[in-house]
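Have a look at the structure below before the remarks.
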Amino acid sequence: MFLLASFGIGMIAEIVGVQTGLLFGDYSYGPVLGLKLAGVPLIIGINWFILAYASGQLAANWIKSPLIAAAAASLLMVVLDFVIEPVAITLDFWNWQGGEIPLGNYIGWFLVAFLIQLIYQNLPLVRENQISTYLLLNLFLFFAILIFLL
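Letter by letter, the sequence shown follows residues 56 to 205 in the working numbering.
Here it is, written out as structure tokens:
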């Protein structure tokens with residue numbers, strides 16, 4: 056259920072973003088991420104799920120309030136997006152109109168992530184998956200190192 060919800064919300068937000076410039080700013084996806092729906096690669100919906108699950112799991116392990124955990128996990132997702140952005144642009148995953156990443160991208164990311172996290176943090180799940188913490192750390196380090204290598 057959470058996989059479908061996060062995938063669906065992420066894809067809808069991205070389609071609205073790509074088609075209108077609302078939510079994140081004016082951007083488009085390059086050809087390298089594969090099959091697209093309305094200009095958005097399907098892998099992006101899967102990415103929303105992976106980041107939301109891993110961030111949500113980590114926040115839930117440390118914070119008992121679902122609302123505060125949702126906010127913390129959303130902030131974590133924004134921090135990871137901040138690290139991913141320069142690598143993604145260099146590798147032509149996506150590009151921004153005018154070449155600058157707008158502040159609105161990070162605000163939009165927080166809002167969409169928060170909506171997804173409100174769902175996750177209120178689901179009756181067992182939250183003892185420690186692998187998600189390592190996944191998040193690995194993603195962060197991977198993209199942080201690539202910033203310096205590319």
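Glycine included, C-beta positions come from ideal geometry on N, C-alpha and C.
For this session: Look at Gln185 and Ala125 and say whether their C-beta atoms are less than 8 Å apart.
Result: Not closer than 8 Å, so no.
Exercise. In angstroms, rounded to a whole number, what distance separates the CA positions of Ile171 and Ala199?
Worked result: Distance between the alpha carbons of Ile171 and Ala199: 25 Å.
Exercise. Between Tyr108 and Phe137, is the Cβ-Cβ spacing less than 8 Å?
Worked result: Taking the C-beta atoms as reference points, Phe137 is found no nearer than 8 Å to Tyr108.
Exercise. Using DSSP with H/G/I as helix, E/B as strand and the rest coil, what is Ser61?
Worked result: In the displayed model, Ser61 falls within a helix according to three-state DSSP.
For this session: From the DSSP output, read off the bridge partner residues of Leu92.
Result: Answer by DSSP bridge pairing, in chain order: Val95.
Exercise. Between which two residues does the alpha helix (DSSP H) harbouring Asn193 extend?
Worked result: First-last of the alpha helix (DSSP H) with Asn193: 186-204.
Exercise. Does the pairing of the segment 151-166 with the segment 80-99 give three or more beta-carbon distances under 8 Å?
Worked result: The way I'd put it, the segment 151-166 does touch the segment 80-99; three or more beta-carbon pairs between them come closer than 8 Å.
Exercise. Is it buried or exposed for Ile123, if we count other Cβ within 10 angstroms and need 16 for buried?
Worked result: Under this definition Ile123 is an exposed residue.
Exercise. Under three-state DSSP, which class holds Ser120?
Worked result: In the structure shown, Ser120 adopts coil according to DSSP, grouped into three states.
Problem set entry | Three-state secondary structure (DSSP) of Asn177 | In the three-state DSSP reduction, Asn177 falls in the coil class, being neither helix nor strand.
Problem set entry | Whether Glu69 touches Val95 by CB criterion (8 Å) | Their beta carbons are under 8 Å apart, which means Glu69 touches Val95 by this criterion.
Exercise. Cβ of Trp149 within 8 Å of Cβ of Tyr84?
Worked result: Result yes, Cβ atoms of Trp149 and Tyr84 sit closer than 8 Å.
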